[in-house]
Amino acid sequence: MNRFFLLILFIGGLFSPGSAQISLQSTYHSGLNQEAAWPVSNQLNASVHYWTRLKRYRLEFLPGILFQNLSNEERTDYQNLGITVPVSIYPLDFVNDCDCPTFSKNSFWFQKGFFIRLTPSWSANINAESPEAYDQLFGIGISLGVDFGWSDLLTITPQIGYDQIHSISEASGRGGYLHAGIAFLFRHDYRNRYR
């Protein structure tokens, strides 16, 4: 019940008036090296994020709600719900107040859009019947991506990376994953700046 309340509170906060920017992200993870006690062969993540950044530096934070669908080798699926706080650094354009992440009609798109992202996450199982290894998961990932300013209101971000996931409930449960994904960032506050 508490998890459901927190989820509703967070989603309600995302759509409240203000200068928020919302990001939707989906990634597919393909297993590389799993322990014998960790039967997850692949997973699909979907998340909703609130975007914020430092004022004069290209260090961005995207706290969000994470949904994970974990599949084992027998093709049985388990679902987890949790939180994630990706942190993006733009090393080629770090000291800048460029009104990013969306930018359109700009010839320096790679310099302004390339980032390195660290993604810590925690999730808990929401299935009634699931192995103990799925009860609580902690993950850390690193990825590379590029922001493409589709318009002043929308940024599309492809990314690739590597994740390491550990079961908090079972010491031997862990796995390494390559991932590829895409994110969409909506700037619904952009029009209000010029009124």
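In terms of mature numbering (1 follows the signal peptide of the UniProt record, and there is no 0), the sequence shown is residues -20 to -1, 1 to 175.
The beta-carbon is built from N, C-alpha and C at its ideal position, and this holds for glycine as well.
The structure presented is a predicted model; accordingly, all values stated were derived computationally and were not measured.
### Sequence-distant residues of the same chain with beta carbon closer than 7 Å to residue 54, five excluded per side
Residue numbering aside, residue 54 sits at position 74 when the sequence shown is read from its first letter. Within the same chain, and ignoring the five residues on either side of residue 54 in sequence, no residue has its Cβ closer than 7 Å to its Cβ.
### Message
At the level of alpha carbons, what is the spacing between residue 164 and residue 3?
### Response
Counting from 1 along the sequence shown, the entry for residue 164 is found at position 184. Counting from 1 along the sequence shown, the entry for residue 3 is found at position 23. Roughly 5 Å separates the two Cα atoms.
### Message
Rounding to the nearest angstrom, what Cα-Cα distance links residue 48 and residue 140 in this structure?
### Response
On the sequence shown, position 68 is the one that residue 48 refers to. On the sequence shown, position 160 is the one that residue 140 refers to. Inter-residue distance for residue 48 and residue 140 is about 17 Å (C-alpha atoms, whole angstroms).
### Task
Check whether the Cβ atoms of residue 61 and residue 101 sit closer than 7 Å, and answer yes or no.
Counted from its first residue, the sequence shown places residue 61 at position 81. Counted from its first residue, the sequence shown places residue 101 at position 121. Not in contact: residue 61 and residue 101 (Cβ atoms no closer than 7 Å).
### Query
In this structure, does DSSP put residue 74 in helix, strand or coil?
Along the sequence shown, one-based indexing puts residue 74 at 94. Coil, per DSSP.
### Message
Going by the DSSP bridge assignment, what does residue 161 pair with across the sheet?
### Response
Position 181 of the sequence shown, counted from the start, is the residue given in the question as residue 161. Checking the DSSP bridge columns, you'll see residue 161 partnered with 7 and 139.
### Task
Apply the 10 Å Cβ neighbour rule to residue 176 and answer buried if 16 or more other Cβ atoms are within range, or exposed otherwise.
This structure cannot speak to residue 176, because the chain is shown only from -20 to 175.
### Message
Just to confirm before moving on: does the CB-CB distance between residue 23 and residue 42 stay below 7 Å?
### Response
In the sequence shown, residue 23 corresponds to position 43, counting from 1. In the sequence shown, residue 42 corresponds to position 62, counting from 1. With contacts defined as CB atoms closer than 7 Å, residue 23 and residue 42 fail to qualify as a contacting pair.
### Query
How many angstroms separate the CA atom of residue 75 from the CA atom of residue 166?
Residue 75 sits at position 95 when you count from the first residue of the sequence shown. Residue 166 sits at position 186 when you count from the first residue of the sequence shown. Straight across, the Cα-Cα distance linking residue 75 with residue 166 is about 23 Å.
### Query
Count the other CB atoms within 10 Å of the CB of residue 7; is the residue buried (16 or more) or exposed (fewer)?
Indexing the sequence shown from 1 puts residue 7 at position 27. Per the 10 Å Cβ criterion, buried.
### Task
Return helix, strand or coil for residue 153, following the three-state DSSP convention.
Residue numbering aside, residue 153 sits at position 173 when the sequence shown is read from its first letter. Here residue 153 sits in coil by DSSP.
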